[in-house]
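Engineer: From first to last, the protein sequence lines are chains A and B.
To convert, note that position 311 of the first sequence is 311 in our numbering; the numbers rise steadily by one, no gaps.
To convert, note that position 312 of the second sequence is 679 in our numbering; the numbers rise steadily by one, no gaps.
Every residue gets a Cβ at the ideal spot worked out from N, C-alpha and C, and that includes glycine.
Mind looking over this structure? Questions follow.
2 protein chains.
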Amino acid sequence: MTTFDDFPWPAPGTALADVMTPMPIIDEARLAANIARAQRYISAQGKAFRPHIKTHKIPAIAKQQIAAGAVGINCQKLTEAEVFADAGFDDILITYNLLGAARLARLRRLNARVAQLRVVADSAVTVAGLADAFADADKPLAILVECETGAGRCGVQTPEQAVQLAKQIEQASGLRFDGLMTYPPAGGAQAVEAFFATTMAQLSALGIDCPVRSNGGSPDLFNAGAVPSATEHRSGTYVYNDRSMVRAGECTADDLAMHVLATVVSRPTTTRAVLDAGSKALTSDLLGFADHGEIVELPGARITSLSEEHAVVDLSACDGPLPEVGARVRVIPNHTCVVSNLFDRIVFHENDTVTRVETVAARGTVW
Amino acid sequence: MTTFDDFPWPAPGTALADVMTPMPIIDEARLAANIARAQRYISAQGKAFRPHIKTHKIPAIAKQQIAAGAVGINCQKLTEAEVFADAGFDDILITYNLLGAARLARLRRLNARVAQLRVVADSAVTVAGLADAFADADKPLAILVECETGAGRCGVQTPEQAVQLAKQIEQASGLRFDGLMTYPPAGGAQAVEAFFATTMAQLSALGIDCPVRSNGGSPDLFNAGAVPSATEHRSGTYVYNDRSMVRAGECTADDLAMHVLATVVSRPTTTRAVLDAGSKALTSDLLGFADHGEIVELPGARITSLSEEHAVVDLSACDGPLPEVGARVRVIPNHTCVVSNLFDRIVFHENDTVTRVETVAARGTVW
Numbered sequence: 001m002t003t004f005d006d007f008p009w010p011a012p013g014t015a016l017a018d019v020m021t022p023m024p025i026i027d028e029a030r031l032a033a034n035i036a037r038a039q040r041y042i043s044a045q046g047k048a049f050r051p052h053i054k055t056h057k058i059p060a061i062a063k064q065q066i067a068a069g070a071v072g073i074n075c076q077k078l079t080e081a082e083v084f085a086d087a088g089f090d091d092i093l094i095t096y097n098l099l100g101a102a103r104l105a106r107l108r109r110l111n112a113r114v115a116q117l118r119v120v121a122d123s124a125v126t127v128a129g130l131a132d133a134f135a136d137a138d139k140p141l142a143i144l145v146e147c148e149t150g151a152g153r154c155g156v157q158t159p160e161q162a163v164q165l166a167k168q169i170e171q172a173s174g175l176r177f178d179g180l181m182t183y184p185p186a187g188g189a190q191a192v193e194a195f196f197a198t199t200m201a202q203l204s205a206l207g208i209d210c211p212v213r214s215n216g217g218s219p220d221l222f223n224a225g226a227v228p229s230a231t232e233h234r235s236g237t238y239v240y241n242d243r244s245m246v247r248a249g250e251c252t253a254d255d256l257a258m259h260v261l262a263t264v265v266s267r268p269t270t271t272r273a274v275l276d277a278g279s280k281a282l283t284s285d286l287l288g289f290a291d292h293g294e295i296v297e298l299p300g301a302r303i304t305s306l307s308e309e310h311a312v313v314d315l316s317a318c319d320g321p322l323p324e325v326g327a328r329v330r331v332i333p334n335h336t337c338v339v340s341n342l343f344d345r346i347v348f349h350e351n352d353t354v355t356r357v358e359t360v361a362a363r364g365t366v367w
Numbered sequence: 368m369t370t371f372d373d374f375p376w377p378a379p380g381t382a383l384a385d386v387m388t389p390m391p392i393i394d395e396a397r398l399a400a401n402i403a404r405a406q407r408y409i410s411a412q413g414k415a416f417r418p419h420i421k422t423h424k425i426p427a428i429a430k431q432q433i434a435a436g437a438v439g440i441n442c443q444k445l446t447e448a449e450v451f452a453d454a455g456f457d458d459i460l461i462t463y464n465l466l467g468a469a470r471l472a473r474l475r476r477l478n479a480r481v482a483q484l485r486v487v488a489d490s491a492v493t494v495a496g497l498a499d500a501f502a503d504a505d506k507p508l509a510i511l512v513e514c515e516t517g518a519g520r521c522g523v524q525t526p527e528q529a530v531q532l533a534k535q536i537e538q539a540s541g542l543r544f545d546g547l548m549t550y551p552p553a554g555g556a557q558a559v560e561a562f563f564a565t566t567m568a569q570l571s572a573l574g575i576d577c578p579v580r581s582n583g584g585s586p587d588l589f590n591a592g593a594v595p596s597a598t599e600h601r602s603g604t605y606v607y608n609d610r611s612m613v614r615a616g617e618c619t620a621d622d623l624a625m626h627v628l629a630t631v632v633s634r635p636t637t638t639r640a641v642l643d644a645g646s647k648a649l650t651s652d653l654l655g656f657a658d659h660g661e662i663v664e665l666p667g668a669r670i671t672s673l674s675e676e677h678a679v680v681d682l683s684a685c686d687g688p689l690p691e692v693g694a695r696v697r698v699i700p701n702h703t704c705v706v707s708n709l710f711d712r713i714v715f716h717e718n719d720t721v722t723r724v725e726t727v728a729a730r731g732t733v734w
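What follows is the structure in structure tokens.
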């Protein structure tokens with residue numbers, strides 16, 4: 001029986017040239033520098049830093065983030081949080097509306113074993129479900145109210161709605177209102193500050209404590225200081241960085257810790273190359289780009305389309321020598337977080353020599 | 368330690384209403400009907416049918432396809448083929464240029480244990496690598512030459528190039544030229560027939576046998592009869608069908624065997640709902656659509672954007688009652704093959720009652 005353990009995962013010391021493709025590769029030095037740089041900046045603002053693990057889903061990287069000074073981690077799914085609790089993490093925020101009896105029973109068990117667990121809610125229905133599930137719990141569940149500040153996704157729409165939910169939470173015996181949370185769009189600092197400050201004033205007038213104000217996002221990570229009322233910042237993508245982060249001006253190409261190693265498997269015409277990294281390796285996430293990533297070794301080349309296991313590359317505007325069949329290249333993905341999610345394990349290297357292979361432990365945790 | 372076995376996978380007999388979301392669900396009756404309908408059509412054309420397992424990656428479904436009359440299976444990756452060889456499949460075509468010493472050593476082991484294994488090649492480099500790897504093999508490797516017929520991906524560009532490669536294959540002691548293969552674009556029947564017929568005539572003049580002419584694609588599945596020279600047809604998506612197949616006219620909404628079960632987790636405004644199925648459940652594959660799937664229960668609703676764990680739904684053009692937080696819906700994905708690839712297991716049902724849970728055994732087989 002073939003198992004994934006039989007696959008040729010490279011031992012430490014292996015040259016990257018001998019790593020099977022397609023494979024995401026993580027540059028250890030850049031990873032460490034990205035972690036240190038973000039932590040240094042957020043600490044200098046007097047805020048707590050809470051990395052979002054959705055980008056890597058690897059406990060060993062989250063441990064590096066904690067070692068650098070992060071207060072805890074941010075998860076998006078209950079089952080992600082379970083995997084990280086198993087790995088010893090004791091301060092976890094799940095930024096998701098958790099619904100349904102089966103999920104809430106699991107949440108109650110998780111709350112009992114994680115020292116500091118928080119979830120978010122943005123509706124009376126979500127709070128009512130949590131209140132029912134925790135009515136007779138020994139340890140109350142801490143909740144942040146999610147506020148929308150322009151991203152057009154989840155969140156209460158006004159400070160008045162936030163206060164209303166805070167009151168509903170405070171009235172439930174098994175729940176504790178712990179503050180506010182938002183995931184703003186890029187450039188949303190002013191809207192976040194206005195929402196947080198107005199809501200805090202209204203809560204204060206009612207005598208409701210609001211200790212945590214959690215702001216987030218990688219595109220505005222290095223502008224987190226522009227939200228004075230925020231006590232913490234959450235960020236995921238910064239740890240690897242990607243093409244979208246370079247475009248946003250948040251990093252340079254020298255800060256890209258993830259590339260996808262790929263091989264040229266076909267050269268059907270003089271202007272076309274085909275790589276072995278398709279939508280099942282790079283994903284179809286465009287994030288506003290017109291093509292599917294950049295190729296480090298082929299400036300001017302464009303990945304014009306992906307099928308599931310192939311990337312089609314237009315070489316017609318390529319400078320320099322064109323690749324032969326069998327040539328190996330590094331692709332800068334548009335979006336790293338979704339690439340991690342496709343691979344069971346990921347290869348790390350230092351100066352092109354493999355240092356370790358990490359299991360993407362929370363991949364597949366969909367609930 | 369939490370493992371995926373601890374997750375609440377539903378037992379047979381469970382109501383779909385109790386299945387955790389997000390989760391792809393497969394309708395058993397529609398699955399069986401899709402398998403039977405395609406097989407009946409291809410058999411009526413006097414051709415062999417070779418389903419592509421990339422869509423489901425589940426041996427139990429491939430066994431249903433074989434039981435219905437398929438001659439064998441089609442894989443895209445060497446490691447997919449290994450998983451299916453372990454499950455007992457003995458006629459496998461890998462439609463991929465396989466390169467590199469590590470991969471070719473594995474291919475040689477696979478060829479020794481699979482009764483009928485074929486791979487494709489479209490360049491002298493690929494054939495040379497295969498020739499080296501199989502030079503002293505007990506059992507020769509059978510190769511089809513991949514021909515491009517308009518899809519703009521891999522394949523030799525002309526019949527003359529195909530003949531050249533066939534000669535190179537015939538001259539290698541460990542290789543056997545077995546015929547031609549193509550993956551045409553929708554509507555490519557005429558180009559395929561012309562390419563195959565011309566190449567066959569040239570090969571025949573040289574005394575080179577060309578027993579297999581393998582054509583493929585789901586969008587043209589029910590037009591496979593328009594390529595008389597093809598001996599077999601390969602198709603993947605037809606087994607589940609999806610929104611793109613309905614648009615192509617290859618099926619109706621009643622033939623959709625896969626939906627993604629999802630829950631409304633937020634209703635921030637009167638016209639916006641948010642589902643718990645984001646790009647890590649539906650993928651970002653658009654396939655030419657302007658939005659990210661259709662919602663069976665919400666005609667007129669549009670999934671306007673996905674983030675990793677959320678789908679944002681615009682309800683402003685919605686007919687009928689709007690969903691509350693906690694409502695469960697079925698999403699018709701744009702593209703099924705990439706959805707399967709995100710889940711470790713998938714739930715099957717008959718009339719909304721769970722029949723089985725299958726492991727997506729070849730998920731993660733990236734090499």
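For the candidate residues M20(A), G216(A) and P10(A), whose alpha-carbon lies nearest to that of C75(A)?
Structural biologist: Mapped onto the first sequence, residue 75(A) falls at position 75. Considering only alpha carbons, the answer is G216(A).
Engineer: On the criterion of 16 or more Cβ atoms from any shown chain inside 10 Å, does K424(B) qualify as buried, or is it exposed?
Structural biologist: Counting from one through the second sequence, the residue named residue 424(B) turns up at place 57. Buried, because 16 or more other Cβ atoms sit within 10 Å of the Cβ of K424(B).
Engineer: Just curious, the alpha helix (DSSP H) that G129(A) is in, first and last residue?
Structural biologist: Position 129 of the first sequence, counted from the start, is the residue given in the question as residue 129(A). It spans A124 to A133 - the alpha helix (DSSP H) in which G129(A) sits, taken as one unbroken run.
Engineer: For chain B, find out if any of its Cβ atoms is closer than 9 Å to the Cβ of C318(A); answer yes or no.
Structural biologist: Within the first sequence, the letter at position 318 stands for residue 318(A). Taking Cβ atoms only, chain B never reaches closer than 9 Å to C318(A), which makes this a no.
Engineer: Does any residue of chain A have a CB that is nearer than 9 Å to the CB of T348(B)?
Structural biologist: The structure shown has nothing for residue 348(B), since chain B only spans 368 to 734.
Engineer: Which partner residues of L180(A) appear in the DSSP bridge assignment?
Structural biologist: Counting from 1 along the first sequence, the entry for residue 180(A) is found at position 180. The partner list for L180(A) (beta bridge, DSSP) reads V145(A) and R213(A).
Engineer: Near V721(B), what residues of its chain come up, given a Cβ to Cβ distance below 8 Å and the 5 sequence neighbours on each side ignored?
Structural biologist: As a working note, residue 721(B) is residue 354 in the second sequence. Here the set comprises P377, A378, P379, G380, T381, A382, L383, V386, V714 and F715.
Engineer: Sort L117(A), T263(A) and A166(A) by Cα distance to R470(B) and report the nearest one.
Structural biologist: For the purposes of this step, residue 470(B) is identified with residue 103 of the second sequence, where counting begins at 1. Among L117(A), T263(A) and A166(A), the Cα nearest to that of R470(B) belongs to T263(A).
Engineer: Would you mind sorting D285(A) into buried or exposed? The rule is 16 or more other CB atoms within 10 Å of its CB.
Structural biologist: Taking the first residue of the first sequence as position 1, residue 285(A) is located at position 285. Label assigned to D285(A): buried.
Engineer: For V119(A) and N341(A), what's the separation of their Cα atoms in angstroms?
Structural biologist: In the first sequence, counting from the first residue as 1, residue 119(A) sits at position 119. In the first sequence, counting from the first residue as 1, residue 341(A) sits at position 341. Taking the straight line joining both Cα atoms gives about 23 Å.
Engineer: How many Å lie between L110(A) and K77(A) at the Cα?
Structural biologist: In the first sequence, residue 110(A) corresponds to position 110, counting from 1. In the first sequence, residue 77(A) corresponds to position 77, counting from 1. About 12 Å.
Engineer: Does F289(A) come within less than 9 Å of chain B when only Cβ atoms are used?
Structural biologist: Here residue 289(A) corresponds to residue number 289 of the first sequence, with the count starting at 1. No, F289(A) does not count as interfacial toward chain B.
Engineer: Beta-carbon of C704(B) versus every beta-carbon of chain A: anything under 9 Å?
Structural biologist: Here the question's residue 704(B) lines up with position 337 in the second sequence. Yes, C704(B) lies at the interface with chain A (some Cβ there is under 9 Å from its Cβ).
Engineer: Report all residues from its chain with a CB closer than 7 Å to the CB of F544(B); omit the five preceding and five following residues, and keep chain order.
Structural biologist: As a working note, residue 544(B) is residue 177 in the second sequence. These residues qualify, in order along the chain: I510, A533, I536, E537 and I575.
Engineer: For F710(B), return the contacting residues in chain A, with the cut-off set at a CB-CB distance below 9 Å.
Structural biologist: Translated into positions along the second sequence, residue 710(B) becomes position 343. Contacts between F710(B) and chain A, judged by CB atoms closer than 9 Å, involve G364 and V366 in chain order.
Engineer: Count the CB pairs spanning the region 151-162 of chain A and the region 192-201 of chain A that are closer than 8 Å, and state whether there are at least three.
Structural biologist: yes
Engineer: Less than 6 Å between C-beta atoms, sequence neighbours within five positions excluded: which residues of the same chain meet that for I670(B)?
Structural biologist: Working through the second sequence from its first residue, we reach residue 670(B) at position 303. The residues are D658, H659, G660, A678 and V680.
Engineer: Which residues in chain B sit within 9 Å of N97(A), going by Cβ to Cβ distance?
Structural biologist: In the first sequence, counting from the first residue as 1, residue 97(A) sits at position 97. Within chain B, the residues near N97(A) are V632, S633, V641, D643 and V692.
Engineer: Could you tell me the distance, in whole angstroms, from the CA atom of A273(A) to the CA atom of V613(B)?
Structural biologist: Taking the first sequence and counting its residues from 1, one reaches residue 273(A) at position 273. Taking the second sequence and counting its residues from 1, one reaches residue 613(B) at position 246. Answer to the nearest angstrom: the Cα atoms are 32 Å apart.
Engineer: Determine, using beta carbons only, whether C704(B) and T422(B) come nearer to each other than 9 Å.
Structural biologist: If you number the second sequence from 1, residue 704(B) lands on position 337. If you number the second sequence from 1, residue 422(B) lands on position 55. C704(B) places its beta carbon less than 9 Å from that of T422(B).
Engineer: Please tell me whether V227(A) and A172(A) are closer than 9 Å, where the distance is taken between their beta carbons.
Structural biologist: Indexing the first sequence from 1 puts residue 227(A) at position 227. Indexing the first sequence from 1 puts residue 172(A) at position 172. For V227(A) and A172(A), no; Cβs fall outside 9 Å.
Engineer: Closest to K506(B) by CA distance: which of D609(B), E515(B), A482(B) and T637(B) is it?
Structural biologist: By one-based count along the second sequence, residue 506(B) stands at place 139. Nearest option by C-alpha distance: A482(B).
Engineer: If you measure beta-carbon to beta-carbon, which residues of the region 504-526 of chain B are closer than 9 Å to chain A?
Structural biologist: E513, E515, A518, G519, R520, C521, G522, V523 and Q524
Engineer: Taking only the alpha-carbon atoms, compute the straight-line gap between I440(B) and G278(A) and give it to the nearest angstrom.
Structural biologist: Translated into the one-based positions of the second sequence, residue 440(B) becomes position 73. Translated into the one-based positions of the first sequence, residue 278(A) becomes position 278. If you take the alpha carbons of I440(B) and G278(A), they lie about 21 Å apart.
Engineer: Is there a C-beta anywhere in chain A that falls below 9 Å from the one on S651(B)?
Structural biologist: Here residue 651(B) refers to the residue found at position 284 when the second sequence is read from its first residue. Closer than 9 Å: yes.
Engineer: Closest to A729(B) by C-alpha separation, out of F343(A), T359(A) and V366(A), would be which residue?
Structural biologist: Taking the second sequence and counting its residues from 1, one reaches residue 729(B) at position 362. Nearest C-alpha to A729(B): F343(A).
Engineer: Would you call the region 404-422 of chain B in contact with the region 597-612 of chain B, where contact means no fewer than 3 C-beta pairs closer than 8 Å?
Structural biologist: yes
Engineer: Would DSSP call C442(B) helix, strand or coil?
Structural biologist: Here residue 442(B) refers to the residue found at position 75 when the second sequence is read from its first residue. Looking at C442(B) - three-state DSSP - the assignment turns out to be strand.
Engineer: What residues from chain B crowd round D122(A), counting only those whose CB sits closer than 8 Å?
Structural biologist: Walking along the first sequence from the start, residue 122(A) turns up at place 122. Chain B residues near D122(A): S633 and P635.
Engineer: Ordered along the chain, which non-local residues of its own chain (more than five positions away) have a Cβ less than 8 Å from that of T369(B)?
Structural biologist: On the second sequence, position 2 is the one that residue 369(B) refers to. Residue confidence for T369(B) is low, a pLDDT of 43 falling below 50, so the modelled location carries little weight; the figure read from the coordinates is stated next. So the list is empty, once near-sequence residues are dropped.
Engineer: Please check if any C-beta of chain A sits within less than 9 Å of the C-beta of F371(B).
Structural biologist: For the purposes of this step, residue 371(B) is identified with residue 4 of the second sequence, where counting begins at 1. Note that F371(B) has pLDDT 45, beneath the 50 cutoff, so the model's placement of it is unreliable and the number below is only indicative. For F371(B), a Cβ of chain A is located within less than 9 Å of the residue's own Cβ.
Engineer: Can you give the Cα-Cα distance for F4(A) and T732(B), rounded to whole angstroms?
Structural biologist: Residue numbering aside, residue 4(A) sits at position 4 when the first sequence is read from its first letter. Residue numbering aside, residue 732(B) sits at position 365 when the second sequence is read from its first letter. Low per-residue confidence applies at F4(A): pLDDT is 45, beneath 50, and the placement is therefore not dependable, though the value from the model is reported in the following sentence. Across the structure, F4(A) and T732(B) are spaced so that their CA atoms are roughly 8 Å apart.
Engineer: What does the Cβ neighbour count give for P586(B), buried or exposed, with the cut at 16 atoms within 10 Å?
Structural biologist: Translated into the one-based positions of the second sequence, residue 586(B) becomes position 219. Buried, since its Cβ has 16 or more Cβ neighbours within 10 Å.
Engineer: In chain A, which residues lie with their C-beta within 9 Å of the C-beta of E676(B)?
Structural biologist: Taking the second sequence and counting its residues from 1, the one referred to as residue 676(B) is at position 309. The contacting residues are K54, Q76, K77, Y96 and V366.
Engineer: Report the rounded CA-to-CA distance for A615(B) versus G554(B), giving the unit in angstroms.
Structural biologist: Sequence index remark: in the second sequence, residue 615(B) carries index 248 (1-based). Sequence index remark: in the second sequence, residue 554(B) carries index 187 (1-based). G554(B) has its alpha-carbon roughly 11 Å from the corresponding atom of A615(B).
Engineer: Alpha carbon to alpha carbon, how far is R580(B) from R480(B)? Give it in angstroms, no decimals.
Structural biologist: The residue given as residue 480(B) occupies position 113 in the second sequence. The residue given as residue 580(B) occupies position 213 in the second sequence. Their backbone Cα atoms lie some 24 Å apart in a straight line.
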